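Sequence lines, in order, name chains G and P.
Here the first sequence is numbered in full-length UniProt numbering, starting from 1 and rising by one per residue.
Here the second sequence is numbered in full-length UniProt numbering, starting from 1 and rising by one per residue.
C-beta atoms are modelled at their ideal positions from N, C-alpha and C, and glycine is treated no differently.
Quantities reported herein were computed from a predicted structural model and do not represent experimental measurements.
Let me begin by presenting the structure, written as structure tokens, before commenting on it.
Number of protein chains: 2
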Amino acid sequence: MSEARATIYTVARAAGVSAQTVSRVLNGTGQVSARTRAAVLAAIEAQGYRPNAVGRSLRASRTPMIGMLVADVGNPFYARLHRAIERRLAGSGYSLMLMNCDDDARIEHRQLELLRSYRPTGLVIVPSVGSSLTDARLQEFGHVVSVSRVLGGVHVPAVVTDEADAVAAAASELVAYGHTGIAVILGPREASTTRAREQGFRTAVDSHPQARGLVRYTDGTRQGAQEAAEALLRAHPEVTGVIGFNALVTEGIVSALLTAGRRCPEDVSVIGFTDAGWMTLHRPAISVIDQPVEEMGALAGRLLLDMAAGQSVDPGPHVVPSTLVRRGSVAPPSMTKERRA
Amino acid sequence: MSEARATIYTVARAAGVSAQTVSRVLNGTGQVSARTRAAVLAAIEAQGYRPNAVGRSLRASRTPMIGMLVADVGNPFYARLHRAIERRLAGSGYSLMLMNCDDDARIEHRQLELLRSYRPTGLVIVPSVGSSLTDARLQEFGHVVSVSRVLGGVHVPAVVTDEADAVAAAASELVAYGHTGIAVILGPREASTTRAREQGFRTAVDSHPQARGLVRYTDGTRQGAQEAAEALLRAHPEVTGVIGFNALVTEGIVSALLTAGRRCPEDVSVIGFTDAGWMTLHRPAISVIDQPVEEMGALAGRLLLDMAAGQSVDPGPHVVPSTLVRRGSVAPPSMTKERRA
DNA sequence: CTGAAAGCGCTTACAG
DNA sequence: CTGAAAGCGCTTACAG
């Protein structure tokens, strides 16, 4: 009843046992007789006692918390990833702490420093562009899993999709439809995802002698992508098929088409990367490389939980394949001439 | 150099001072001579010492952490809100811990219990539907601000938009365009936002004798809204203007229109609530009640910071007005007949 | 099955 | 301007 600061000691006193025994009941460790347990539980109930995670963490030298650092929480990809990881962690006793770094290595450093001060159990990281994270540094966070972007020279399990193959399939799809001038609007040049997707694109283009491929780098935002796409379409009217790096970039491409007065798919075919709700609403519906975000998040969560439980895990990279979802935004380039005729 | 557990004590020893003085240097509290400060800083540098937030929190009986509990992190509104609050908190020393509750009072309770165990400094809450949160309970979280949804019988500063007026303006806009059968697809019946928006809708409809208003409740998801909109359009062909509760519901309405073969705006005019990137891409571009999410988040962050600094703040509710953004999804209903003719 | 003691890393009074 | 002591709430060895 006296809510005035219930601790393990006040509970112990009321139950006529030691603090140690209360701790045992709380954590289900060791052996406690049924009678003692009942007395402790009754005292906990009577006092409205609730554990203090801070005391526990200090003693244990670690906090049951998983940090999650991403480049941009405004990108729906990361929101979905966060949700998927949180779902996987639910009930495990670990909480997820989401942090943003605006894809800035300096902010990344600062955020990780803050996280580290809590002595977390693990970290899910989508490294920022230009990240200078090292193995030694990451070790400070206990168990680490990287998602989507991988970090060079660093040995942590990675969860990714089949970047290169997925983009190669999309590029080949455009070629199969008869496009010879195709382009991909990528993200930041230094991002591993950009490099992998570019490589897949080039591989596909190179395997089709009739095709010519163009590559553009952006900051991965809608605005940046729109500008890049507008410039590209202006300078290269022969481009009739464009692949977008992510959902935001795809928005930028579609927006650029609108601005430039180019119709989709009659004038330009479009394939996005990472599905988004609006893509089925758009006319034509946007064909997309559907990234299995939920599976990726669930896998990352599981790996972390396994590591935290002391199990050794496959360092991967764990590749969860994407699927090309065909909707209405890809058509033969010849349609242009037919319609114009 | 000896990275083997640098603490305030190892630093103190190396600098030839007491732990207390190291603490003073770390926190900038009290007076420390320049020489002493330099010696401490040198020792910190040499040992690679970094503070342990857990020890600090335990002693201080509170953690420099702000919890943020929302109904659905998958809703872009909350992602934007999170980002805005994090921005406002950046550099303040407080970290933001985002938690999801799937709009379930039970999960809300569990998540808050977890948060509370960290002894946070504050909480930003979008109460779940059916939340049984009380003043007493919320007091356990130190400083609390509610955003968007308000909680009955609870006295915490609230940050909201002008729900009723905004929806009333949208409904009047439809009537002004000549619509007489108008509808609003709302969220959960129990949510304060639903009630306020419904009230605004009814007020507007009642002030126009020629207008008839229909109201539907949903779970606020795209799927739920799509089903509700399909049923509504089927049962009430006289409805030619629809207002959506949020961006997801608006997706559902647009999707329902597509499924039902009703054109926008020729057959049905649409006004959304809360802007989203796809709305300017859609043809027609979707007119929307643009909710000032960033301002709301910044304000919530500031209120929390002020409260944490011991200042008393205006309990509000703090109303940040929305703006009706006219795009292409509203047209006179007469267009229907003209086109059909 | 249970307990007394120590200590996790830090800051808060209290002295000087 | 600086320090010795105590204690935040808990769990970890160590005993019995």
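Is it buried or exposed for alanine 341 (chain G), if we count other Cβ within 10 angstroms and need 16 for buried?
-> The predicted model places alanine 341 (chain G) with a pLDDT of 33, which falls under 50 and marks its position as unreliable, so this point remains unresolved.
Whole-number beta carbon distance between asparagine 75 (chain G) and asparagine 246 (chain G), since they are thought to touch under 8 Å | 7 Å
Can you give me, in chain order, the residues of the region 245-258 of chain G that have a beta carbon less than 8 Å from any beta carbon in chain P?
-> Leu248, Glu251, Val254, Ser255, Leu258
Output, in sequence order along the chain, the residues in the region 111-133 of chain P whose CB is closer than 9 Å to any CB in chain G.
-> Gln111, Glu113, Leu114, Leu115, Arg116, Ser117, Tyr118, Arg119
Consult DSSP for isoleucine 107 (chain G) and reduce its assignment to one of helix, strand or coil.
-> helix
From the DSSP output, in three-state form, read off glycine 55 (chain P) for me.
-> helix
At a Cβ threshold of 9 Å, is leucine 96 (chain P) touching chain G?
-> yes
Outcome for asparagine 27 (chain G) when other beta-carbon atoms lying within 10 angstroms are tallied against a minimum of 16 = exposed
For glutamine 192 (chain P), I'd like the list of residues in its chain whose CB is within less than 7 Å of its CB, leaving aside the five on either flank, ordered along the chain.
-> Glutamine is not the amino acid found at residue 192 (chain P); the sequence shown has serine there. Counting only Cβ-Cβ distances below 7 Å, and skipping sequence neighbours, we find Arg149, Val150.
Contact set between the region 280-295 of chain G and chain P, restricted to residues whose Cβ is under 9 Å from the partner | Thr280, Leu281, His282, Arg283
Quick one: grab the DSSP three-state call for serine 2 (chain G).
-> Note that serine 2 (chain G) scores 43 on pLDDT, short of 50, meaning its location in the model is unreliable and no value can be drawn from it.
Alanine 298 (chain G) vs threonine 121 (chain G) beta-carbon contact at 9 Å = no
With 16 as the cutoff for other CB atoms within 10 Å, does glutamine 223 (chain P) come out buried or exposed?
-> exposed
If we cut at 9 Å on Cβ distances, does serine 329 (chain P) have a partner in chain G?
-> no
Taking only beta-carbon positions, decide if glutamate 86 (chain P) is within less than 9 Å of chain G.
-> yes
Pick from P:Val147, P:Val145, P:Gln210, P:Ser146 that is closest to tyrosine 177 (chain P), judged by C-alpha positions | P:Gln210
C-beta neighbour in chain P for glutamine 7 (chain G), strict 9 Å | What sits at residue 7 (chain G) in the sequence shown is threonine, not glutamine. False, the Cβ-Cβ gap to chain P never drops below 9 Å.
Extent of the continuous beta strand (DSSP E) to which isoleucine 286 (chain P) belongs | First-last for isoleucine 286 (chain P): undefined, no H or E at that position.
Can isoleucine 182 (chain G) and glycine 213 (chain G) be called in contact, C-beta distance under 9 Å?
-> yes
The region 45-56 of chain P: which residues have C-beta closer than 9 Å to a C-beta of chain G, in chain order?
-> Arg50, Pro51, Asn52, Ala53, Val54, Gly55, Arg56
Could you tell me the boundaries of the alpha helix (DSSP H) in which methionine 307 (chain G) lies?
-> 293-308
Within 9 Å (strictly less), CB to CB, does glycine 153 (chain P) reach chain G?
-> no
Contact set between arginine 222 (chain G) and chain P, taken where Cβ atoms lie within less than 8 Å = Gly277
Contact set between threonine 218 (chain P) and chain G, taken where Cβ atoms lie within less than 8 Å = Correct list: empty, because the minimum Cβ distance to chain G is about 16 Å.
Roughly how many whole angstroms lie between the Cα atoms of histidine 236 (chain P) and threonine 63 (chain P)?
-> 55 Å
Determine the burial state of glutamine 31 (chain P): buried for a count of at least 16 other Cβ atoms within 10 Å of its Cβ, exposed for fewer.
-> exposed
For leucine 233 (chain P) and alanine 204 (chain P), the rounded distance between their alpha carbons = 21 Å
Have a look at P:Ala256, P:Val22, P:Met99, P:Pro333 and flag the residue whose alpha-carbon is nearest the alpha-carbon of glutamate 45 (chain P).
-> P:Val22
Closer than 9 Å, CB to CB, is threonine 76 (chain P) near chain G or not?
-> Checking the sequence shown, residue 76 (chain P) turns out to be proline, not threonine. True, the Cβ-Cβ gap to chain G drops below 9 Å.
Would arginine 80 (chain P) be called buried (16 or more neighbouring beta carbons within 10 Å of its own) or exposed?
-> buried
Would you tell me roughly how many angstroms separate the C-alpha atoms of aspartate 102 (chain G) and arginine 88 (chain P), rounded to the nearest one?
-> 14 Å
Using beta-carbon positions only, say whether isoleucine 107 (chain P) and isoleucine 185 (chain P) come within less than 9 Å of one another.
-> no
Residue burial classification, glutamate 338 (chain G) (beta-carbon count within 10 angstroms, cutoff 16) = Confidence in glutamate 338 (chain G) is poor, its pLDDT being 45 and thus under 50, which makes the residue's placement too unreliable to answer from.
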